[in-house]
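Numbering (full-length UniProt numbering), first residue to last: 1 to 705.
Ideal placement from N, C-alpha and C gives every residue a C-beta, glycine not left out.
Note that the structure is predicted; figures quoted are calculated from it, not measured.
Worksheet: the structure to be examined is printed underneath.
Shown next as structure tokens:
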């Protein structure tokens, strides 16, 4: 029988031999064994049931969750001379009935149906009169409540197996299944676990990398410009972001399509066809795009936002390089995306699956912070032990020095224990940075020995360091209504000084191109100051300093001091001019403000307690009731710098009375402007008198929340 299968492969599909895993799966099926086949995206799963369908007498029933996938596969089969059809909601009832009658007469070798059809006993009754030698279950992970895309209709498949007069063979196929999901598939379908065939999840032609601390829009534009002749997919988490990226890329002259569920079927199909035919090079899409798409020459897949789980990520990233040529998979990480995905999970997940989905999101976050081989991390997630590191991912090719962060790790772990391991990373970060947040004070955490031990870092930096410790398995996360942190056994070893912790020294990985719009703005500011002082511009600040300013986009004195080439003297002399320019740029270009700071893994340069905690000094004076203008005058800083200090303190969890900054006579004006605005702060400001500052608008928006 297998010889017959090889002949059919050559005659119908034009291949001389089966791929790895296909031959074993097909042999199993032809030997009459119910089988589970786990093969990565692009591995050729469909051949595993299409060839046996040609060998067997009768019509093989294929259960597939995607209408577009059904049509594409049926069209391909018909083109190859194989009689196949599908029944789904895209055809009329009359057409569906006609196809059912033809199937009963043995006209088709394969009949594709959506799992929801199995909810109808009327449809199931029709199957009794068909000769069905095999049921192929595509995307079989949907059968498991532990899977990333559980579909209740899949549970009805087992009912059909018992209902049909002759029990057909069962072949369950998926590209992404953890050991727990594999067990669930076998148990639900009563398949012997020994009949699970799994090829390696490793894709030797894919290079994975995670980019952190960079301006995502600038990175994306630069990457596409350097790879403009190649096909690529950019995935985003929401329709709104897809639409915005599409518009931005169109304006930049990129040949681009878009795809998401909010578009009409006609528009989606048109955009998809443009991409498949190479009439455009880039597809911007939500996760709705790509299932069953056989475009083989996709050279890169970029995730603009964090996916909700590793299964989704690997499936989407796996659409790159299906032709076997070297391809790239990039994830642009921002900590804000974790909150976006948590919100989406809150909105769409039932209580029984909530904790499981949060755990999957945590695994995805761990992937972004791990320093081990990224390919190995993925393989281990899916229960496969890697033979060796891949040697080609972003972590394997990272030649930075590792530094000892044991002391900082002990500070974090000690703080967790002193707070009775009852809180999440935000609270721990606030205690360690010395935040005067209301909750910190209420719990008396400001009296702990660990309070303020990392005051030279921001809450965001400490939170990201905690994420690194989680990925390094020193900290475990217990998910519930609020995630809480627990010290693991490995963490206890570090706390007791028995183990050291190493982390790659942080460097600025973002390359700022010469034509960065902020760079030109800063050059003009420098030029004006230089002309006023009668000196060459480079005497004020070097180009390198301006470029570093573009990377860090400082919004306070303390942040400006982290820029290369700026010391206390130049901060006092020129700082306010450049802070004002950066602030104005951010207000006019809000997309550039998404990721304001690059990651800094090594020790920040120490510039004295007064400068490092400048915003805290401002906050202390503000809490004493001193007017902001008086604070600015006394501290020899600009009013805008003082305002930025308050914003930073608020973001770090401190209380700010925003109402006091919005004069009553302007409230209704600002509200009207907010209602009529079609963009960010700038579009609101343009509708208001000059007396209403950007700070007033921001204060009002905080009140409005």
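Item                                                                                                                                                                             : Value
In chain order, what residues of the same chain have a beta carbon less than 8 angstroms from the beta carbon of residue 185, not counting five sequence neighbours either side? : 36, 140, 141, 143, 144, 172, 174, 177, 191
Can you have a look at residue 657 and say buried or exposed, based on whether 16 or more other CB atoms are within 10 angstroms of its CB?                                      : exposed
Should residue 49 and residue 110 be called a contact, given that it needs their Cβ atoms to be closer than 9 angstroms?                                                         : yes
Please tell me whether residue 257 and residue 298 are closer than 9 angstroms, where the distance is taken between their beta carbons.                                          : no
Between the Cα of residue 565 and the Cα atoms of 541, 588, 572, which residue gives the shortest distance?                                                                      : 541
Pull up the distance between the alpha-carbon of residue 136 and that of residue 589, whole angstroms please.                                                                    : 51 angstroms
Evaluate residue 615 with the Cβ neighbour count: other Cβ atoms within 10 Å of its Cβ, from every protein chain shown; 16 or more gives buried, anything less gives exposed.    : buried
Determine whether the beta carbon atoms of residue 113 and residue 132 lie at a separation below 9 angstroms.                                                                    : no
What separation, rounded to the nearest whole angstrom, lies between the Cα atoms of residue 155 and residue 188?                                                                : 8 angstroms
Could you tell me if residue 194 is buried or exposed, where buried requires 16 or more neighbouring beta carbons within 10 angstroms of its beta carbon?                        : exposed
Just to confirm, are residue 41 and residue 319 a CB contact at a threshold of 9 angstroms?                                                                                      : yes
For residue 90, which option in 108, 67, 38, 490 has the closest C-alpha, if you only look at C-alpha atoms?                                                                     : 67
Closer than 6 angstroms by C-beta to residue 276: which residues in its own chain qualify, once you throw out the five before and the five after it? Chain order, please.        : 295
Flag this pair as yes or no: are the beta carbons of residue 459 and residue 429 separated by less than 9 angstroms?                                                             : yes
Pick out whichever of 412, 272, 445 has its Cα sitting closest to the Cα of residue 485.                                                                                         : 412
Short of 7 angstroms in beta carbon distance, which residues of its chain neighbour residue 424, apart from the five on each side in sequence? Order them along the chain.       : 482, 483, 484, 485
Rounded to whole angstroms, how far is the Cβ of residue 58 from the Cβ of residue 12, which I believe are closer than 8 angstroms?                                              : Between residue 12 and residue 58 the Cβ distance is about 18 angstroms, and since that is not below 8 angstroms, they are no contact.
Say whether chain B places a C-beta atom closer than 9 angstroms to the C-beta of residue 179.                                                                                   : The structure shown contains no chain B, having only a single protein chain.
For the stretch 310-324 and the stretch 383-396, state whether three or more C-beta atom pairs, one from each stretch, are separated by less than 8 angstroms.                   : no
Give me the residue from 278, 96, 577, 455 with the minimum Cα distance to residue 233.                                                                                          : 278
Could you work out which residue in 85, 121, 203, 169 is closest to residue 52 when comparing CA atoms only?                                                                     : 169
State the DSSP-derived secondary structure class of residue 451, mapped to helix, strand or coil.                                                                                : coil
Return the CA-CA distance between residue 130 and residue 78, expressed in angstroms with no decimal places.                                                                     : 21 angstroms
So who's on the other strand from residue 120, going by DSSP bridges?                                                                                                            : Residue 120 is not bridged to any residue.
Can you tell me whether residue 222 is helix, strand or coil according to DSSP?                                                                                                  : helix
Within 8 angstroms, do at least three Cβ pairs link the stretch 403-422 to the stretch 434-442?                                                                                  : no
Tell me whether residue 656 sits in a helix, a strand or coil according to DSSP, three-state version.                                                                            : coil
Can you say whether residue 503 is buried or exposed, counting buried as having 16 or more other CB atoms within 10 angstroms of its CB?                                         : buried
What does residue 328 pair with, by DSSP beta-bridge criteria?                                                                                                                   : 207, 300
Near residue 640, which residues of its chain fall below 8 angstroms by C-beta distance, leaving aside the five closest residues on each side in sequence?                       : 576, 579, 580, 583, 695
Do you know how far the Cα of residue 85 is from the Cα of residue 124?                                                                                                          : 17 angstroms
Quick check on the DSSP output: the alpha helix (DSSP H) that includes residue 306 runs from which residue to which?                                                             : From DSSP, residue 306 is part of no alpha helix (DSSP H); its letter is neither H nor E.
Verify whether the separation of the beta carbon atoms of residue 261 and residue 344 is less than 9 angstroms.                                                                  : no
Can you tell me the Cα-Cα spacing of residue 64 and residue 138, whole angstroms?                                                                                                : 5 angstroms
When the Cα of residue 463 is compared with those of 652, 254, 662, which residue comes out closest?                                                                             : 652
Following the continuous beta strand (DSSP E) through residue 232, name the residue where it begins and the one where it ends.                                                   : 231-235
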